[in-house]
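Below you'll find the structure, written out as structure tokens, and then a few comments.
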Amino acid sequence: MRHLHALLLNLAGRGRRLQQRRLSRAEAETLSPGADHYAAYVGPPTEWDLMGATQFRLLCALGLRDHHKVLDVGCGSLRGGRFLLLYLDRGNYYGIEPNRWLIDDVVARELGEELIRLRAPRFSSRNDFDPSEFGTAFDFVIAQSIFSHAGPDIILPALRNLGRFLRPGGLILATFIHRETNREMPEEAPGWTYPGCTTYSAPRILELLGQAGMIGRMLPWYHPRQSWYAIASRHEDIPPEEFDVHLSGQVRSGFE
Ligand SMILES: C[S@@+](CC[C@H](N)C(=O)[O-])C[C@H]1O[C@@H](n2cnc3c(N)ncnc32)[C@H](O)[C@@H]1O
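Counting in my numbering, the final residue of the sequence shown is number 309, and the numbers go up one at a time with none missing.
Next up, the structure:
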């Protein structure tokens, strides 16, 4: 009897989640980040557009060209991916996303199968940050709001894996949440924390990069809650500080 009750509850929960996934973008705006809808699971649903555009703009500011290959780690519902797969040459956008339903829903609801056939992005559902199955190296790897949910036990192997697949001159762009300005959140929580976040002090981020054999620095690019880092294996590949005047990415407010 207890098993039957649990089964019925489970079925009802699954039904509710499926119904939620079918909400329109406007209806989904009241959902909390992490809810089962392609525009909400990946962050505040009212920012789904903005957080995609800001990733694309950062890559363009850093010299992205159509012949480049881009790996979007934890690409989610293609917030940034939908801009990238249109801009890049056919087949040059790669995404890793263990929650495949996010890609399926955004393709069904926003992009369409025909676009996917034309632009030929490649996707993997792996959860170990290993892009070796794609058989290529990348000019840019972007990890937006991934390490802000990950403990050092995830970040270190992830950086080591991803670093092996950077082309000469290539960059990893990743966001972190700074401990210094977010003391109410946990610090360096191990494993994957979601939809909650975990924080790192600025010196600790640089230390983690060093432990993974990488170097990096913070970029002054706009993010409503997190901080962007440029990461590479060679010092000369990190954008010089003189270039920071071109890297504000600030968004005009009051125009919503
Ligand atoms: C906050 S969302 C960010 C999504 C996307 N980068 C964006 O900015 O829209 C975090 C994403 O990481 C994905 N994720 C969770 N574990 C992962 C893993 N082990 N490897 C890659 N992605 C993972 C989640 O499914 C989710 O889509």
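For every residue, glycine included, the Cβ atom is placed at its ideal position computed from N, Cα and C. All figures in this text were calculated on a predicted structure; none of them were measured in a lab.
query, result
"Rounded C-beta distance between P184 and Y147? I'm assuming under 8 Å.", "7 Å"
"Looking at W281 and ligand 1, is the gap between the Cβ and the nearest heavy atom below 7 Å?", "no"
"Under 8 Å Cβ to Cβ from I230, same chain only, skipping five residues before and after it: list those, please.", "S201, M238, C250, T251, T252, Y253, R278, Q279, S280"
"Could you say which of R132, Y282, E241, V194 lies nearest to I207 if we only look at CA atoms?", "E241"
"Using 8 Å for Cβ pairs, my map puts G129 next to Y94. What's the rounded Cβ distance?", "7 Å"
"For F216, which residues from the same chain have a beta carbon less than 6 Å from its beta carbon, with the 5 sequence-adjacent residues on both sides left out?", "The sequence given here places Gly at residue 216; Phe does not occur at that position. If we look at G216 and ignore the five residues flanking it on each side, its Cβ neighbours are M267, S286."
"Leaving out the 5 sequence neighbours to the left and right, which residues in its chain are closer than 8 Å to G223 when beta-carbon positions are compared?", "A190, F191, D192, F193, V194, A285, D290"
"Nearest to P292 by alpha carbon, out of L262, P174, H276, L226?", "L226"
"So, with DSSP's three-state summary, where would you put L168?", "helix"
"Less than 8 Å separating the beta-carbons of P97 and P248?", "no"
"Mind checking which residues open and close the alpha helix (DSSP H) that includes F176?", "Looking at the DSSP string, F176 is not in any alpha helix (DSSP H); the run it does join, the beta strand (DSSP E), is 175-177."
"When burial is assigned at 16 or more other CB atoms within 10 Å of the CB, is L272 buried or exposed?", "buried"
"Quick one: complete beta strand (DSSP E) runs, 3+ long, within the stretch 102-133?", "123-126"
"Quick one: using the 10 Å Cβ neighbour count with 16 as the cut-off for buried, is T228 buried or exposed?", "buried"
"Give the straight-line distance between the Cα atoms of Q197 and R55, rounded to the nearest whole angstrom.", "43 Å"
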